[in-house]
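Just below is one structure, and these are the notes that go with it.
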Amino acid sequence: MPRKRTLAALTATLLIPLAHAESLRCGNDLVRPGDTRGEVRAACGPPDRTYNLVNERGATIGQRAIYAPDPNRHARAVTYDGEEVTRVERLE
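Heads up: the sequence shown is residues -21 to -1, 1 to 71, going by mature numbering (1 follows the signal peptide of the UniProt record, and there is no 0).
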């Protein structure tokens, strides 16, 4: 039994960084999938740039907003489906 508990605790510890991998920190707020466009704008202000995501037929299927807080930090891309954040990723 102790071995199973140790393995479970180790697994949970390893997964903690993954929970924060898809996020954008704006001041004291953390933006992550499931947040609304309004919540992101209230926390982070307007994005540095945005563009529409289109499918092969040219129909808009989402929007991507780029936040580049300062030259010393990597920019983040926030992808929306309608008004909801579906993905946050670090841009290299």
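All C-beta atoms in this analysis are idealised placements derived from N, C-alpha and C, irrespective of residue type, glycine included.
Quantities reported herein were computed from a predicted structural model and do not represent experimental measurements.
In angstroms with no decimal places, state the Cα-to-Cα distance between residue i and residue j.
i	j	result
R28	S2	18 Å
D14	D49	23 Å
I45	R55	6 Å
A47	P26	8 Å
G61	T39	10 Å
P12	C23	15 Å
E68	H53	10 Å
In this structure, what does DSSP give as the bridge partners for residue i?
i	result
L9	R4
E63	T15 and D60
Could you check what DSSP says for residue i in three-state terms: helix, strand or coil?
i	result
R52	coil
Ignoring anything shorter than 3 residues or poking outside the stretch 19 to 47, list the beta strand (DSSP E) runs there in chain order.
Listed in chain order, they are 28 to 33 and 39 to 46.
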